[in-house]
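Asks: Numbering (the numbering used here), first residue to last: -8 to 271. Dropping the structure in here first, questions after.
So this is what it looks like as structure tokens:
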């Protein structure tokens, strides 16, 4: 029986191994991982104005596109930070961009929704007075119609602005502290204005993370309702048990999660204030 054998040279020709190429590909992938989390964060900032603009249009197609962008942005909100920690590529830029993207995202979604749920206007689809569920753009719940109160908009946006200013100040303070020499850090009194105290810990607390989850459920369900509203009118849907159940489910979820988001927003603000007073 003949035995087929290949020399080492023949094997090398059949299966060439270029270790330099593999090394270059590995290096390129490691370098690209540095930019992926920040790219996801920047994409959330870029899509936020698009979501806000699409919500101003009464067509169900534009609002459905806004709903899809909202869902993708909500997913990237947690994905960018998870990837940065998993790949050990966290950076000061990412730590600054991520909360900024969250605030731009919330503002661009919340303000148009607040206006759309208030009633007829340029941002509201043509209502059907004779339709039980489509006679109002407000959220439908078992306990009546609901919307987004103006004071909640002020609380949510005010909290976001305050925390953003706070973070900017503490970041500048952190840079100042990092520039001190070890001798200065030990010898200069804390009260000396030229050498400010260590920055306050403004990492996200569990209440802040719970607020984000409740906020996504609140805005997402409200956005789903104002998308369903013009679609139901375009499809000439008659009042039915199924449509009523969907309307009540979206309305109840939005109202309940709105209350939770407001509570967690205030609780997280109190947490940040306590941290700041501890370092004051």
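Think of the CB as a built atom: it goes at the ideal place given N, C-alpha and C, for glycine as much as any other residue. Note that the structure is a prediction, hence the values are computed from the model and not measured.
Compute the Euclidean distance between the alpha carbons of residue 236 and residue 132, then round it to the nearest angstrom.
Replies: For residue 236 and residue 132, the gap between their C-alpha atoms comes out near 10 Å.
Asks: Taking all protein chains shown into account, do 16 or more other C-beta atoms lie within 10 angstroms of the C-beta of residue 83, making it buried, or fewer, making it exposed?
Replies: exposed
Asks: Got a sec, what are the start and stop residues for the beta strand (DSSP E) residue 306 sits in?
Replies: The chain is shown only over -8 to 271; residue 306 falls outside these bounds and no answer can be derived.
Asks: Going by the DSSP bridge assignment, what does residue 45 pair with across the sheet?
Replies: Assignment of beta-bridge partners to residue 45 by DSSP yields no partner.
Asks: So, are the CB atoms of residue 39 and residue 96 less than 7 Å apart?
Replies: yes
Asks: Taking only runs of the alpha helix (DSSP H) that begin and end inside the region 40 to 110, which ones reach a length of at least 4 residues, in chain order?
Replies: Counting whole runs of 4 or more residues, the region 40 to 110 contains the alpha helix (DSSP H) stretches 51 to 77 and 83 to 107.
Asks: Residues bridged to residue 234 by DSSP?
Replies: Answer is none; residue 234 lacks a bridge partner.
Asks: Rounded to whole angstroms, what's the CA-CA distance from residue 213 to residue 137? Just pull it up for me.
Replies: 11 Å
Asks: When you compare only the Cα positions, how much space is there between residue 74 and residue 231?
Replies: 45 Å
Asks: Quick one: measure Cβ to Cβ for residue 69 and residue 89, integer angstroms, because I've assumed they're closer than 8 Å.
Replies: No, residue 69 and residue 89 are not in contact; Cβ-Cβ is about 10 Å, not under 8 Å.
Asks: How long is the line joining the alpha carbons of residue 103 and residue 153, rounded to whole angstroms?
Replies: Answer to the nearest angstrom: the Cα atoms are 21 Å apart.
Asks: Below 7 Å between beta carbons: does that hold for residue 260 and residue 150?
Replies: yes
Asks: Among residues of its own chain, excluding the 5 on either side of residue 35, which ones have a beta-carbon nearer than 7 Å to its beta-carbon?
Replies: Around residue 35, the same chain offers 64, 67, 68, 92 and 96 as residues with beta carbons nearer than 7 Å, after the five sequence neighbours per side are excluded.
Asks: Report the partner residues of residue 130 according to the DSSP bridge assignment.
Replies: 137
Asks: Out of 224, 262, 249 and 50, which has the shortest C-alpha to C-alpha gap to residue 157?
Replies: 262
Asks: What is the DSSP secondary structure of residue 226, counted as helix, strand or coil?
Replies: coil
Asks: Got a sec? Which residues, its chain only, sit under 7 Å from residue 196 by beta carbon, not counting five neighbours each side?
Replies: 259 and 262
Asks: Please classify residue 196: does DSSP put it in a helix, a strand, or coil?
Replies: coil
Asks: Does the region 237 to 252 come into contact with the region 196 to 212, if we say contact requires no fewer than three beta-carbon pairs (one atom in each stretch) closer than 8 Å?
Replies: yes
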